[in-house]
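Below is one structure, written out as structure tokens; the observations come after it.
In the UniProt record's numbering, the protein residues as written are 1 to 1270.
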């Protein structure tokens, strides 16, 4: 299951124009029904538990989709509005009746730069020519301004009029759109789709029924585990929904490559009804968080349904080497689960025809520039594309013909029979469920998760538990509820909670159905394991453990004196520390290109001269081989080293460890690219080294790519025990580019990290096809100039496209030739002369006269294609030759002209051409832009009108750095105890308590029917706000309510609350001056702008609510005092404006109190931490900001006044704390407040508190509802 965002406005048009017709665009003038009847695609249907509240079901219409997804209205809005108007309602009133909560936010086009420039162009034309521009003039002005804007946004001229036109159209639209929904795509395993597409009619229908059941079950799962909505300031409360989600389901038949792929688009509306009866948006964070678990739930359900209904079994298959296996139907020919056809054969034909046409047209053969264009054209022409939505019958006939051509007609005919024959052999006969050892399963699940993650949430454990159960199901059925048992045991027994308990317990009126607090959001709890924490402790302890140094300083200095070649001070210091430090574990970090190889080579020579050894370890076999060749020492992968010691125990002269890995006392183990190494394995390496008297050295860059295993150890060690740092960058020929990479490396850098690249024309923007063209053309130019150039992209599909273009070009230029080809794993085929890359380590395939093996990441040139598909290849580095078997080629070889950025870490080239988009992390871009010594270029995928700067800004803020378990514990403690969040929670509790007491007040003041109508009106919130204001002004809320209600008839107003609140506000404004409240004489424990205590002090507040509010209020007071005290110790830069911290007495308390308030203000308004002004000028326009700035100035001035024995403070008794004063006032006023309750005619008995400073600062109420959803 995958998830995509659907935008409001015209975002739904994709589904009516394309998705609803089989991912093929609908022709103008044709209704959806035409395709359903003529071409056989099924109609979309309504799905979800929220439909009952809307009264819709059955088939989806375009009008319904437009209303719900386009406008946020009831799907039957057209009918509802028509009925309301027929009853005499106005258009506004009728539309209001069809609304589902607040409208989607409508972003204006008026503020777009291009719109303004075009408008200015029209004005200038009129002034210059004395007339309005006509159609042709306006078109010319739009094109001129659009061309200039395009160049500014993309860093290049538009390729053609079509690209410019799309840009202008998009650039004059709103720049932002609200989220209208989520597209969840449900697609079963490939073997299921193959059996569905090639099986008989009964098989097809059975699988379609199984798919439908699995989706409905997954919808129920989502409604149970992943659907909630948020309310309150900043969405602080997460509340349950009524019914469930509202969605439409559209079924489709084939992939974009034309292969059989049964899949359904479930378009979930971003509208749900909360338990309070209000329609709001979905809590998207929860939905995304539960996405993986929901996907595994669906995978398990659809496979269970298919295998049970058809009597089949499952098996695990390794689809991608190095990745975890996937569950497929046993007995389905694996040749059918790959692509049905390859593009390379088609490309070869197309390239030949294009060159023939070129020669006929131009009378000559194409030159290099023309060949690049022809290669691009051939790539586009052979890219699978859907011309129209075809009938399922037509598709099945086409699939059967292709499959028979590939595997034979008999295999296709007997597909189901052969699959059923595999079931008994695998022990999957129907029968009693097997007994499952839940304890063992839980341990294995946690062990698997902890291999890849330092911390995890319940959803990750549940997802892994489902994978475990699916694997076990291939051996026989397991009892129902096994997943839930394993998940519960794994979390309760084998995991340790990282997230601390919330500071406040559950309060029954503020809980969800499961009993948890609405302020503790579902899925936010994090866990780790004792094993991971122990591993981190092992590494930290090793970084503080002193032993005998491997060599002496004198021995190192002698070797260093003989060193020739460049060596800066940082490299020398690193080599010296690695060899002469007696610390068990030493860390070194530095940017890409800092010359670590030179430093390590010196360390290796010094160690060898002293009689020791330096052994290299790396995350991958390719990286280990590079280390071995560059440093000239033995090297291996981290996994192979650990596996050797796990298998053979500690090393002895007679042990069976590889000789180069047998540790001796004094040896130095250097782990290269340590940032990509898993914590558990690093701890194992360290323990092995300690037992043998060896030392461990970690070197890497925590700003590059993180470990694919549970990681974060390198950064943890750097922060806790320190590191040797390489500062000077040697790789780049341009010092300016070296400095630019330094800016890009550090997320804390102030300013634009891409400025240098943009200013030096190193960044280009445009559509994915345009950027792919540019990457290939630039790479081809460099390659023909004799440079070692690399093409890098984030997505495998883009890498395949780049490989296709490169192969097509080489076919046209004669570098790739021959009639024979071999099928590759990426869906392409290799010919003689092609460049390929092997993707699996295989120790049985030896090359270089047995000195090397075939490794993942090795690049080769094809010398010959054998008849059976085997390839005779030559290594691009050492020149070794080998014949790769056909099976290895088909499963583990790809074209090697382009690479993913992730696989490029550790690679060095002359130039690099990197393709990125808004989803690319800063670390990935940093890795890509530090591969080339001479030049590195970035190509940014943008939407039609999107400027490059938008994407670059997104990349700059997108950091994927992995936290260790230890760091996560600290981060979670800070999150749970975050003051701003706690303040928002207090405000939400107070607002809800207000609602409760004012509902009671209305019930006592009005008759039952009027009270019910008022409290259920849309503007009830405005009424409670007016009652609160009346109370603040010293008026009796009950009297204001009664008098405003009886002022005159309310007529036929749809919203009685709106009418009443208006009357009340007018009455409050005209209240006599002598009724104004008396000003408070004492400062409250918590400033009113942070936590208003009016509800706490009110006579009508329910005692239970008051107790809960009081607990929260007192905790805020304590936390504020703690925060102020911490600032007094930490003294951040902005606190310098408060002056020195007084030694004791009243002035110290004032300093601490003000520091805490300023800190909360800065956090609340997200003031840049680098800003040294306590309250920056820009924030003083707010009343709270102006008051705080004034107090900061006053405090600073007060510190300059003399103090001494005669000063006013001398001889004073130490004052009680604010908390003491607050509690004393509460006790002193209890009797008075109870008397006020009785006078108000209320029967509630409640503990009261003092009245504090009740001045209202409306500007401090952030992110309140404004009638729109964003």
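The beta carbon of each residue, even a glycine, is placed where N, CA and C say it ideally should be.
Counting every other CB atom within 10 Å of its CB across the protein chains shown gives residue 128 a total below 16, marking it as exposed. Excluding residues up to 5 positions away in sequence, 999 and 1002 lie with their Cβ nearer than 7 Å to the Cβ of residue 1015 in the same chain. Secondary structure at residue 897: coil, using DSSP grouped into helix, strand and coil. Rounded to whole angstroms, the separation of the alpha carbons of residue 780 and residue 245 is 51 Å. CA-to-CA, the gap between residue 1099 and residue 1031 works out to about 11 Å.
The beta-bridge partner set that DSSP reports for residue 936 consists of 912. Counting the other Cβ atoms within 10 Å of the Cβ of residue 498 gives 16 or more, which makes it buried. Counting C-beta atoms within 10 angstroms of its own C-beta, residue 538 has 16 or more neighbours from the protein chains shown and is therefore classed as buried.
For the set 544, 595 and 552, the Cα lying nearest the Cα of residue 586 is the one of 544. By DSSP's assignment, residue 184 forms a beta bridge with 3 and 266. The straight-line gap separating the alpha-carbon atoms of residue 591 and residue 763 is approximately 21 Å. Taking all protein chains in view, the Cβ of residue 134 is surrounded by fewer than 16 other Cβ atoms within 10 Å, so the residue is classified as exposed. With contact defined as three or more Cβ pairs closer than 8 Å, the segment 968-980 and the segment 1110-1124 are in contact. Just so you know, the alpha carbons of residue 484 and residue 520 end up roughly 22 Å apart. Annotation for residue 288: the continuous alpha helix (DSSP H) segment containing it runs 284-289.
DSSP places residue 476 in the coil class of the three-state scheme, outside both helix and strand. For residue 839 and residue 228, the gap between their C-alpha atoms comes out near 43 Å. When the five nearest sequence neighbours on each side are left out, the beta carbons in the same chain lying within less than 7 Å of the beta carbon of residue 479 are those of 433 and 436, in order along the chain. Residue 796 sits exposed, since fewer than 16 C-beta atoms from the chains shown fall within 10 Å of its C-beta. Listed in chain order, the non-local C-beta contacts of residue 958 below 7 Å within the same chain comprise 921 and 922, local neighbours out to five positions each way being set aside. In terms of CA proximity to residue 186, 300 leads the group 269, 300 and 277. Fewer than three Cβ pairs drawn from the segment 570-588 and the segment 624-644 lie within less than 8 Å of each other, which leaves the two stretches out of contact. Going by C-alpha positions, residue 282 is about 58 Å away from residue 604. Residue 92 counts as exposed, since fewer than 16 other beta carbons sit within 10 angstroms of its beta carbon. The Cβ atoms of residue 870 and residue 889 sit closer than 8 Å to each other. With a threshold of 16 other beta carbon atoms within 10 Å, residue 353 falls short and is exposed. In chain order, 910 and 911 place their CB closer than 6 Å to the CB of residue 787, counting only its own chain and leaving out the 5 sequence neighbours on each side. Around residue 412, the same chain offers 198, 400, 403 and 404 as residues with beta carbons nearer than 7 Å, after the five sequence neighbours per side are excluded. In this structure, the CA atom of residue 611 is about 27 Å from the CA atom of residue 852. If you draw a straight line from the Cα of residue 455 to the Cα of residue 190, it is about 32 Å long. Shown here, residue 260 sits in a strand according to DSSP, grouped into three states. Here DSSP, grouped into helix, strand and coil, assigns residue 546 to strand. Residue 1046 counts as exposed, since fewer than 16 other C-beta atoms from the protein chains shown sit within 10 angstroms of its C-beta. Nearest to residue 508 by alpha-carbon distance, out of 48, 295, 1105 and 361, is 1105. Between residue 682 and residue 651, the C-beta gap is not smaller than 8 Å, which leaves the two residues out of contact.
For residue 787, there is no enclosing beta strand (DSSP E), as DSSP gives it neither H nor E.
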